[in-house]
Amino acid sequence: MSEPSLPIAETFVSIQGEGKLTGVPSWFARVAGCNLRCSWCDTPYASWEPKGAQRSVAGLLEEARASGIGHAVLTGGEPMIFEAVADLARGLAEIGVHVTIETAGTVHRPVHSDLLSLSPKLANSTPIDDPRDTTGALAVRHEQSRLNFDALNALLADHAERQLKFVVATAADLPEIEAVLGRLHDVAPQDVLLMPEGVASPDPDRLDWLVESCLTRGWRYCHRLHIELFGNTRGT
Ligand code: SF4
503 MSEPSLPIAE TFVSIQGEGK LTGVPSWFAR VAGCNLRCSW CDTPYASWEP KGAQRSVAGL
563 LEEARASGIG HAVLTGGEPM IFEAVADLAR GLAEIGVHVT IETAGTVHRP VHSDLLSLSP
623 KLANSTPIDD PRDTTGALAV RHEQSRLNFD ALNALLADHA ERQLKFVVAT AADLPEIEAV
683 LGRLHDVAPQ DVLLMPEGVA SPDPDRLDWL VESCLTRGWR YCHRLHIELF GNTRGT
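Our numbering applies: residue 503 is where the sequence shown begins, and numbers increase by one.
As structure tokens, then:
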């Protein structure tokens, strides 16, 4: 049997910039490859034009161990489309590293994670009239694939520690979030995070509706600390 491996766009050590573990020093492994094509994707080198090298899980585990960092984030791209992500997550757990998996939740597979970070994609993500999609086929595929409620509910059933991060553009996204949550099982309000779309720091004057939504529903506002600290740069 061949050694398990993954296409990797980049690995790096930084602080976690989003979600419940914001600020925690982490070793990141970003897979190259995604089954979606979000219009606003901030890692096109892992989705629209995936670039990376095939790396063995053993080598990645050695790098994570050598970093001495106690938290790992498996992100993408879409980690769950690759079978070997389960090997990497299990190996990290075996060396005592806390594992976060960041996924859009379109694919279910049994995998270890200490925090499952689900980011269901809203209609604002569909690449309508995107020049990178000359035939429109990718927009159609994205729209058909972006919400898989069977996969989302199976992932939620497997992982007690979870967060649901929604990338929001305007207040018009709120009814869709409510509709998505209505089809998911056992999601507590404190596990729902709203993150403003964009690769620059959001204008506070334009976020009143978002803050109000969190206050009235018990959801969390999700900052992007890495954008604040480093800008939209690779390896952060
Ligand atoms: S799911 Fe994530 S990696 Fe894939 S296209 Fe959307 S934002 Fe980019």
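Backbone N, C-alpha and C fix where the C-beta goes; we use that ideal spot for every residue, glycine too.
Small disclaimer: the values here were computed from a predicted structure and weren't measured.
Residues near proline 527 by beta carbon distance below 6 Å, same chain, minus five either side | Ile517, Ile571
Pick helix, strand or coil for threonine 718, following the three-state DSSP scheme.
-> helix
Could you tell me the distance, in whole angstroms, from the CA atom of glycine 593 to the CA atom of alanine 560?
-> 8 Å
From aspartate 693 to aspartate 675, what distance separates their C-alpha atoms?
-> 18 Å
Run through the stretch 513-572 for me and flag every whole beta strand (DSSP E) of 3 or more residues, listed as ranges in chain order.
-> 527-533, 555-558
Proximal residues to methionine 697 (C-beta, below 6 Å), its chain only, five neighbours per side dropped | Lys667, Val669, Cys724
How big is the Cα-Cα spacing for isoleucine 679 and serine 621?
-> 11 Å
Does the count of Cβ pairs from the stretch 650-667 and the stretch 549-557 closer than 8 Å reach three?
-> no
Counting along the chain, where does the alpha helix (DSSP H) carrying glutamine 646 start and finish?
-> 639-647
Report yes if the C-beta distance between alanine 511 and arginine 532 is below 9 Å; otherwise report no.
-> yes
Closest by CA to threonine 577, which one among Arg567, Gln556, Arg557, Thr602?
-> Thr602
With C-beta atoms as the reference, is glycine 525 less than 9 Å away from isoleucine 583?
-> no
Leaving out the 5 sequence neighbours to the left and right, which residues in its chain are closer than 6 Å to threonine 738 when beta-carbon positions are compared?
-> Ser516, His728, Phe732
Would you kindly report the start and end of the unbroken alpha helix (DSSP H) that includes histidine 728?
-> 727-732
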